[in-house]
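Notes follow the structure.
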Amino acid sequence: MTLQATEENTAFSEPDEQQKSAGISTAMTFLMAAAVGLICANIYYAQPLAGPIAAAIGLPAEATGLIVTLTQIGYGLGLLFVVPLGDLVENRRLIVIMIAIVTVALLAAAVSSTPAPFLAASLMIGLGSVAVQMIVPFAASLAPDESRGRVVGNVVSGLMLGIMLARPVSSFIAQFSSWHTVFYLSAAVMVVLGVVLAIKLPKRRPETSLNYLSLLGSMVSLALTQPILRRRAAYQFGQFASFSLFWTVTPLLLAGPAFGLSQAGIALFALAGVAGAIASPIAGRLADRDLGRPATALGIAALVVGYLITHIAPEGSWLALGLLTLAAILIDFGVSTTLVISQRAIYGLNPSLRSRLNGLFMAAFFVGGALGSAIGAWAYAKGGWSLASSIGIALPIVAFLYFLTEKRAKA
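In structure tokens:
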């Protein structure tokens, strides 16, 4: 299947030009930002609780990683096989269905007392959470061209806040109650969110002659024929791999003998990184002003600088802790910046292809994150922060070297 055929066979009942010129309302932007943050958080709630959950359900210690891994696998499958349905199925209905799946999976996880049902629920939590990657392109479709970057940036700020806040929030709740409460509360939030979105979201109906298999087949063509997609996916692969490595390793470093922080102290450290989420709306505005190229360079450089400053002070000192906190902010700032710039670029390629383009892009983003987490844990066990941070800084450096080959005409 050719790209041309794909474009010709898919269209949308998009908002008319008068509606687009009025722009998406502040209330709708806020609702979408809150929705992606709350949904995305479901992927990360279990990460700091994996140990207690494994003990409670009788999962062997050596298999504890499955709690996180299966959620990630579910999310990855959803990106490739569910998100493209946004170019085939009415979007509001699809989003609400995925939230319903997440809700049932969260309740199943909460009541599980043995490994099999909990792990199955974890897989479905990840699968259903791809509703996030349907809402972001939906928001882009509601915005006029001149403010699309700003809108995407504001919505993605909710996504980044969800990623950054999920771990400390679940840690605090579990400390005062139990891990079951985390899943029950999130399920309740999803019920309310699903009802609100069903009422407030406008309909966005694809008008296509493609069937599901043809839709999936067209994604291969998109990956081969869209250089902006490939380039932006490569940047974000390196950026999110480095980000995930940092947030996998720093809790181990802070809990170790050098710093000796408690779980509550580590949660407070994670909260500091939330400051980096301010990058998303800023990056969106820069993209709207055709400043995506320098903003990309700035975002990549922020990660390099973030890792470098962690080596200024002796490990375990108060100055080292302060610099590590600043590094967290810089790294989160950098990843948020390049994510928004990249999504703004790919959403501008073709409105009828946004769900498929976003699915491919976020699959690369997700794979980078999973790889970064795996490498980070291994590197820290083998060589401590020195080895882990060396790998962490190498990833954005490689991305920057690739960025230097980008022609100015590109995104």
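Per this note's numbering, the sequence shown starts with residue 67, numbered consecutively.
We treat Cβ as the ideally placed atom computed from N, Cα and C, and that holds for glycine.
Looking at the structure shown, is residue i part of a helix, part of a strand, or coil, going by DSSP?
i           : result
residue 347 : helix
residue 273 : strand
residue 456 : helix
residue 118 : helix
residue 112 : coil
residue 312 : helix
residue 355 : coil
residue 292 : coil
residue 220 : helix
residue 464 : helix
residue 424 : helix
residue 197 : helix
residue 471 : coil
residue 246 : helix
residue 210 : coil
residue 325 : coil
residue 379 : coil
residue 234 : helix
residue 362 : helix
residue 181 : helix
residue 203 : helix
residue 268 : coil
residue 83  : With a pLDDT of 47 at residue 83, under the threshold of 50, the predicted position of this residue should be treated as unreliable, though the coordinate-derived value follows. Residue 83 falls in the helix class under three-state DSSP.
residue 225 : helix
residue 259 : helix
residue 154 : coil
Suppose the cutoff is 6 Å on Cβ atoms and the five residues either side in sequence are ignored; what does the same chain contact list for residue i look like?
i           : result
residue 267 : 158
residue 365 : 400, 403, 404
residue 219 : 346, 347, 349, 350, 406
residue 362 : 404, 407
residue 451 : 319
residue 369 : 308, 397, 400, 462
residue 375 : 389, 393
residue 249 : 172, 175, 176
Could you pull out every residue in the same chain whose Cβ sits closer than 8 Å to the Cβ of residue i, ignoring the five residues on either side in sequence?
i           : result
residue 251 : 239
residue 411 : 294, 298, 353, 358, 477
residue 187 : 171, 172, 174, 175, 178
residue 123 : 178, 179, 180, 181, 184
residue 289 : 295, 296, 426
So the alpha helix (DSSP H) residue i belongs to, where does it begin and stop?
i           : result
residue 169 : 157 to 177
residue 135 : 132 to 147
residue 402 : 384 to 413
residue 419 : Residue 419 -> no alpha helix (DSSP H), and no H or E assigned at all.
residue 129 : Residue 129 -> no alpha helix (DSSP H), and no H or E assigned at all.
residue 92  : 92 to 107
Have a look at the options and flag the residue whose alpha-carbon is nearest the alpha-carbon of residue i.
i           : options            : result
residue 160 : 271, 245, 109, 459 : 271
residue 263 : 144, 95, 435       : 95
residue 107 : 433, 184, 153, 191 : 191
residue 115 : 177, 351, 389, 234 : 234
residue 210 : 450, 414, 473      : 414
residue 217 : 339, 98, 374, 398  : 98
residue 337 : 237, 193, 472      : 237
residue 242 : 140, 330, 205, 278 : 330
residue 136 : 105, 100, 181, 93  : 181
residue 244 : 388, 146, 119, 285 : 119
residue 292 : 367, 269, 419, 322 : 419
residue 448 : 315, 140, 126, 328 : 315
residue 356 : 212, 466, 328, 127 : 212
residue 326 : 340, 128, 381, 277 : 381
residue 313 : 455, 273, 371, 385 : 455
residue 466 : 434, 109, 301      : 301
Cutting at 7 Å between CB atoms, please list the residues of its own chain near residue i, excluding the five before and the five after it.
i           : result
residue 464 : 304
residue 102 : 198, 201, 202, 221, 224, 225, 228
residue 457 : 311, 441, 445
residue 259 : 101, 104, 165
residue 343 : 223, 226, 227, 230, 398, 402
residue 130 : 116, 117, 120
residue 378 : 389
residue 321 : 327, 332
residue 323 : none
residue 269 : 156, 158
Less than 7 Å between the CB of residue i and some heavy atom of the ligand GTP, yes or no?
i           : result
residue 309 : In the structure shown, the ligand GTP is absent, as is every other ligand, since no ligand is present at all.
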